[in-house]
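Residue numbering for the sequence shown follows our numbering, beginning at 1 and increasing consecutively.
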Amino acid sequence: MNLVDLTRGALQADQAALNATANNVANQNTAGYTEEVVSWTAGDTVSLSGNAQAPEAPTVTTTSLRDRVLDQRVQQQTQMQSGTAAEAAVLSQMEGVFSITGNSTSAGSTQIGTSLNKFFSSLTALAANPSDEPTQQGVLSAAQTLAAAFSAAATGLAGVQTSVNTDLSTSVTQVNSLTKSIASLNRQIETNDPNQDAGQLEDTRQQDITKLSALVGLNQTTTESNGITLTTTGGTVLVAGQQSYALSSADVGGSTVLYDDTGANVTAGVSGGSIGGQLTAQGVDLPAASTALDQLAYQIGTAVNAQNEAGQTSAGVAGAAIFKVPATATGAAAGLTVIPTNASAIATAAIGNGSSDNTNVNALVNLQTIAGGAGGTMIQNLAALLSGIGSTSSALQDESTTQKGSLTQLTTQQDTESGVNLDTEASNLTLYQRSYQAASQVFTIVDQLMASAINMGTETAVS
Numbered sequence: 001m002n003l004v005d006l007t008r009g010a011l012q013a014d015q016a017a018l019n020a021t022a023n024n025v026a027n028q029n030t031a032g033y034t035e036e037v038v039s040w041t042a043g044d045t046v047s048l049s050g051n052a053q054a055p056e057a058p059t060v061t062t063t064s065l066r067d068r069v070l071d072q073r074v075q076q077q078t079q080m081q082s083g084t085a086a087e088a089a090v091l092s093q094m095e096g097v098f099s100i101t102g103n104s105t106s107a108g109s110t111q112i113g114t115s116l117n118k119f120f121s122s123l124t125a126l127a128a129n130p131s132d133e134p135t136q137q138g139v140l141s142a143a144q145t146l147a148a149a150f151s152a153a154a155t156g157l158a159g160v161q162t163s164v165n166t167d168l169s170t171s172v173t174q175v176n177s178l179t180k181s182i183a184s185l186n187r188q189i190e191t192n193d194p195n196q197d198a199g200q201l202e203d204t205r206q207q208d209i210t211k212l213s214a215l216v217g218l219n220q221t222t223t224e225s226n227g228i229t230l231t232t233t234g235g236t237v238l239v240a241g242q243q244s245y246a247l248s249s250a251d252v253g254g255s256t257v258l259y260d261d262t263g264a265n266v267t268a269g270v271s272g273g274s275i276g277g278q279l280t281a282q283g284v285d286l287p288a289a290s291t292a293l294d295q296l297a298y299q300i301g302t303a304v305n306a307q308n309e310a311g312q313t314s315a316g317v318a319g320a321a322i323f324k325v326p327a328t329a330t331g332a333a334a335g336l337t338v339i340p341t342n343a344s345a346i347a348t349a350a351i352g353n354g355s356s357d358n359t360n361v362n363a364l365v366n367l368q369t370i371a372g373g374a375g376g377t378m379i380q381n382l383a384a385l386l387s388g389i390g391s392t393s394s395a396l397q398d399e400s401t402t403q404k405g406s407l408t409q410l411t412t413q414q415d416t417e418s419g420v421n422l423d424t425e426a427s428n429l430t431l432y433q434r435s436y437q438a439a440s441q442v443f444t445i446v447d448q449l450m451a452s453a454i455n456m457g458t459e460t461a462v463s
C-alpha cells in the first residue's frame, strides 16, 4: 500500500505543478500577475518491519515569484514621478495663462508685456504732441488694455486653481476606493492565507498599492498575518489590516484642504503622488505667481497714479488717478481698472507750465526705467515673474522625464524577474508531463502486481 500511496502522491504533486504552469500561461498578459513557481519537497521516510525504509510521496508548494524590495522601489519611484508630473502639468497651465511658449519667457512676447510696451509707447507719442486729443485717447485705450491684461492673467490663475481643486477632489475619491479595496484584500488574505503566499490575491493588492502610489505618497508595513498597513508620508492612516480610513476634501478660501476620517486637517502631511504634486503647486507655485502679478499691477498702478496726480492736464486741471488700485497689493491684478472716461484726464504738463508743456508726460514715460515694487523696473519684475514660471516648469519637465526613465527601468526589471516567460513554461510543461507519465506507469505496474497477487498469480485484466 505504501507504493500505491507514493505513486498517488506523485501524481497529485505533478498535477499541482501542471496547474501552476497552465495558470502562468493563461495569465501571461494579465496586468500585475506574478509568475507562480513550484518547489518540491521530498516526503518523509517511514520505517517498516525488518528495518526496511519506505519514502512517502513528495509535496509541491506553489509561490509567486515576487521581489518585495523591487516592488517597493517601483512604488516609491511611482510616487515621485507622479508627483513631479502633476506639478509640471499645473505649471504648464500657468505658462498658458501668460502665453509662455517653449523656452521663451520674453516679457515683450506676452499679453501683459505687449500691453505694457504699448502703454508707454502711447505716452511717448503723447509727449511729442501733448495737447492732441486723439493721442490722449490712445493713452487711455492703452491703459484699459493693460488693465484688462492683468485682469485676464488673474482670472487665468484662478482658473488653474479651480482645475487643481477639481483634480484633487477626484483623486481623493480614487484614493478612498483603492484603500477600501486593499482593506478587503487584506481581509481575504489574512483569512485564507495568513502564513503563506496568497498568489493572485497578493498580485491584485500590490497592483492597487501601485495605483495608490500614483495618487499619494505612502509608507507601507507588513503585518504578522500577511496584511498591509498604509499611511501617508505624514503618518495619516489609510489602511490598517482589514479596515480602511477615508480622506475627504473641501474648498477653503479657494484652495483644497484635506481631512482624515476624524476631520483633522492633514494637508501639510501629504506629499508624493499626483495629490502631493498638486498640493505643492497650490501651496507654492500658484501663490508665488499670484503675488508677483499683484505686486507688478500695484507697482504700475500706484506709480502712474502718483505721477499723473503731480501734473496738470492740457485743460489746466490738476491730474487725478488713472488706475483704480486697492490699498495693498493683494488682489491688485484682478482689481486694476481705468477710472477716467475722458482722455483729457492725462496730466501732460507740470503745474503752471501751460497746455503745450510735456514735462509730466515725459515723467510718466520715465516710470518704466525706475525701480520699484520687488526692486526692479516694471519690465524687469514682469520678466522675473515669467522666468520663475518658465524655469520651474522646464526643470519639472526635465525631472519628470528622468524619473519616468528610472521608473521604466524598474518596471522592466520587475517584469523580467516576476513576469511569465513562455520558454520557461514550455520547458516546465514538458518536464511535469513526463514526470506525470512516469508516475502513471508506476501506478499501472503496482495495480497489475496487486491484481496478480490477489488472483494468486493468475493473469487477469485490470480495469
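Where is the CB? At the ideal position from N, CA and C, for every residue including glycine.
Which residue or residues does DSSP assign as beta-bridge partners of residue i?
i	result
I228	T222
S248	Y259
Q312	A318, A349
T416	Answer is none; T416 lacks a bridge partner.
G376	G372
V237	T231
F323	V338
T392	Per DSSP, none; premise fails for T392.
Q243	A240
Are the beta-carbon atoms belonging to residue i and residue j less than 8 Å from one another?
i	j	result
L210	T78	Before going on, a small fix: residue 210 reads as Thr here, not Leu. In this structure, T78 lies closer than 8 Å to T210 by Cβ.
E95	I389	yes
T229	V216	no
S400	T84	yes
N226	A198	yes
P340	I351	no
G301	S355	no
I346	V361	yes
L168	S249	yes
L293	A152	no
T179	L218	no
L123	V139	yes
Q111	L126	no
A281	V164	yes
G319	P326	no
R468	T114	No answer is possible for residue 468: the residues shown for the chain start at 1 and end at 463.
A297	F150	yes
L396	L91	yes
I182	D208	yes
P134	S314	no
I370	T359	no
S274	S141	no
L116	L410	no
Please tell me whether residue i has its Cβ less than 8 Å away from any Cβ of chain E.
i	result
T402	The structure shown contains no chain E; it holds only a single protein chain.
How many whole angstroms separate the CB atoms of residue i and residue j, which I take to be in contact at a CB cut-off of 8 Å?
i	j	result
S290	L157	5 Å
D261	T392	Not quite, the Cβ-Cβ distance comes to about 34 Å (not below 8 Å), so this is no contact.
G372	T348	Actually they are not in contact, since the Cβ atoms of G372 and T348 sit about 22 Å apart, beyond 8 Å.
V237	Y245	5 Å
Q403	V74	Between V74 and Q403 the Cβ distance is about 12 Å, and since that is not below 8 Å, they are no contact.
Q81	L407	5 Å
N186	G241	6 Å
Q188	Q72	No, Q188 and Q72 are not in contact; Cβ-Cβ is about 22 Å, not under 8 Å.
S255	Q161	7 Å
A374	Q295	6 Å
N176	L247	6 Å
Pairing CB atoms from the segment 221-237 with CB atoms from the segment 141-150, are three or more of them under 8 Å? no
Unbroken beta strand (DSSP E) runs of length 3 or more, entirely within the segment 255-303: which are they? 255-259
At 4 residues or longer, and completely inside the segment 90-134: list those alpha helix (DSSP H) runs for me, N to C. 111-128
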